[in-house]
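Okay, structure first, notes after.
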Amino acid sequence: MMADHYTLPDDITWTEVAPGNRRAVLSHRPEMMLVAFSFEPGAIGAPHSHPHTQVSYVAEGAFDVTVDGVTTRLDAGSSFIVAPNLVHGVVAVEKGLLIDTFTPRRDDFL
(Lines of atoms letter the chains of each structure in order from A; the text may use other names.)
(Lines give C-alpha, C1' and ligand atoms only; values in the text may rest on other atoms or scores of the structure.)
Protein backbone atom coordinates (compact mmCIF):
# COMPACT_ATOMS: atom_id res chain seq x y z
CA MET A 1 0.00 0.00 0.00
CA MET A 2 1.34 3.44 -0.90
CA ALA A 3 1.17 5.73 2.12
CA ASP A 4 2.05 9.40 2.26
CA HIS A 5 5.72 8.67 2.90
CA TYR A 6 6.50 5.19 1.59
CA THR A 7 6.24 3.09 -1.54
CA LEU A 8 6.81 -0.64 -1.21
CA PRO A 9 7.85 -2.92 -4.10
CA ASP A 10 4.38 -4.48 -4.32
CA ASP A 11 2.90 -0.97 -4.82
CA ILE A 12 4.87 -0.27 -8.00
CA THR A 13 3.10 -0.41 -11.37
CA TRP A 14 5.23 -0.56 -14.52
CA THR A 15 4.00 1.14 -17.70
CA GLU A 16 5.32 0.31 -21.19
CA VAL A 17 6.73 3.51 -22.72
CA ALA A 18 8.25 2.13 -25.94
CA PRO A 19 9.61 -1.26 -27.06
CA GLY A 20 12.06 -2.42 -24.37
CA ASN A 21 11.44 0.66 -22.21
CA ARG A 22 9.10 0.86 -19.23
CA ARG A 23 8.66 3.21 -16.28
CA ALA A 24 7.37 3.12 -12.73
CA VAL A 25 6.50 6.13 -10.59
CA LEU A 26 8.14 5.41 -7.23
CA SER A 27 7.17 8.45 -5.16
CA HIS A 28 5.78 11.90 -5.77
CA ARG A 29 4.54 15.16 -4.36
CA PRO A 30 3.53 18.20 -6.41
CA GLU A 31 7.02 19.68 -6.16
CA MET A 32 9.05 16.50 -6.89
CA MET A 33 8.82 13.02 -8.41
CA LEU A 34 11.01 9.88 -8.41
CA VAL A 35 10.65 7.52 -11.40
CA ALA A 36 12.43 4.29 -12.44
CA PHE A 37 13.00 3.57 -16.14
CA SER A 38 13.96 0.02 -17.15
CA PHE A 39 15.61 -0.57 -20.54
CA GLU A 40 16.41 -3.68 -22.55
CA PRO A 41 19.62 -3.60 -24.62
CA GLY A 42 19.24 -1.24 -27.58
CA ALA A 43 16.04 0.33 -26.26
CA ILE A 44 15.64 4.04 -26.86
CA GLY A 45 14.43 6.88 -24.69
CA ALA A 46 13.49 9.10 -27.65
CA PRO A 47 14.77 12.68 -27.73
CA HIS A 48 12.29 14.99 -26.02
CA SER A 49 12.05 18.04 -23.79
CA HIS A 50 9.83 19.17 -20.93
CA PRO A 51 9.59 22.15 -18.58
CA HIS A 52 10.88 20.16 -15.59
CA THR A 53 14.41 19.98 -14.20
CA GLN A 54 15.53 16.33 -14.34
CA VAL A 55 18.34 14.56 -12.50
CA SER A 56 19.04 10.96 -13.55
CA TYR A 57 21.12 8.28 -11.85
CA VAL A 58 22.36 5.23 -13.76
CA ALA A 59 21.55 2.47 -11.27
CA GLU A 60 22.39 -0.42 -13.63
CA GLY A 61 23.83 -0.89 -17.10
CA ALA A 62 25.27 1.60 -19.58
CA PHE A 63 23.62 4.30 -21.69
CA ASP A 64 24.57 6.69 -24.46
CA VAL A 65 23.01 9.87 -23.06
CA THR A 66 22.44 12.92 -25.25
CA VAL A 67 21.72 16.28 -23.63
CA ASP A 68 21.51 19.42 -25.77
CA GLY A 69 23.24 17.70 -28.71
CA VAL A 70 26.18 16.26 -26.74
CA THR A 71 26.36 12.46 -26.31
CA THR A 72 28.27 10.78 -23.48
CA ARG A 73 28.43 7.12 -22.47
CA LEU A 74 27.46 6.70 -18.82
CA ASP A 75 27.84 3.53 -16.74
CA ALA A 76 26.30 2.47 -13.43
CA GLY A 77 27.05 5.00 -10.71
CA SER A 78 27.02 7.97 -13.12
CA SER A 79 24.42 10.72 -13.21
CA PHE A 80 23.30 13.61 -15.38
CA ILE A 81 21.14 16.70 -15.04
CA VAL A 82 18.86 18.29 -17.63
CA ALA A 83 17.73 21.91 -17.39
CA PRO A 84 14.13 22.72 -18.32
CA ASN A 85 13.30 22.52 -22.03
CA LEU A 86 16.65 21.01 -23.17
CA VAL A 87 16.30 18.18 -25.69
CA HIS A 88 17.63 14.92 -24.24
CA GLY A 89 17.37 11.17 -24.79
CA VAL A 90 19.13 7.87 -24.14
CA VAL A 91 20.03 4.61 -25.86
CA ALA A 92 20.62 1.56 -23.67
CA VAL A 93 24.02 0.07 -24.55
CA GLU A 94 23.11 -2.86 -22.32
CA LYS A 95 20.20 -3.77 -20.05
CA GLY A 96 19.88 -0.93 -17.58
CA LEU A 97 17.93 1.05 -15.03
CA LEU A 98 17.70 4.83 -14.67
CA ILE A 99 16.33 6.51 -11.56
CA ASP A 100 14.99 9.95 -12.50
CA THR A 101 13.95 12.83 -10.29
CA PHE A 102 11.75 15.58 -11.72
CA THR A 103 10.90 18.94 -10.27
CA PRO A 104 8.13 19.83 -10.31
CA ARG A 105 6.26 16.52 -10.60
CA ARG A 106 5.46 15.22 -14.10
CA ASP A 107 1.69 15.06 -13.89
CA ASP A 108 1.62 13.42 -17.34
CA PHE A 109 3.12 10.29 -15.70
CA LEU A 110 0.23 9.91 -13.24
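FYI, the UniProt record's numbering numbers position 69 of the sequence shown as 69, with every residue one higher than the one before it.
For glycine and all other residues, C-beta sits at the position ideal for the given N, C-alpha and C.
Just so you know, these numbers come straight off a predicted model, no measurement behind them.
Inset, instruction - Using 10 angstroms around the beta-carbon of residue 92, count the other beta-carbons present and answer buried if the total reaches 16, otherwise exposed. - result: Classification for residue 92: buried.
Inset, instruction - Enumerate in chain order the residues of its own chain whose CB-to-CB distance from residue 74 is below 6 Å, with the five nearest sequence positions on each side excluded. - result: 58, 63 and 65
Inset, instruction - Note the first and the last residue of the continuous beta strand (DSSP E) segment covering residue 21. - result: 21-29
Inset, instruction - Report yes if the CB atom of residue 106 is closer than 7 Å to the CB atom of residue 33, and no otherwise. - result: yes
Legend entry - Alpha-carbon to alpha-carbon, residue 42 and residue 20: Going by the C-alpha atoms only, they are around 8 Å apart.
Legend entry - For residue 84, three-class secondary structure by DSSP: In the structure shown, residue 84 adopts coil according to DSSP, grouped into three states.
Legend entry - 7 Å Cβ cutoff met for residue 54 and residue 108: no
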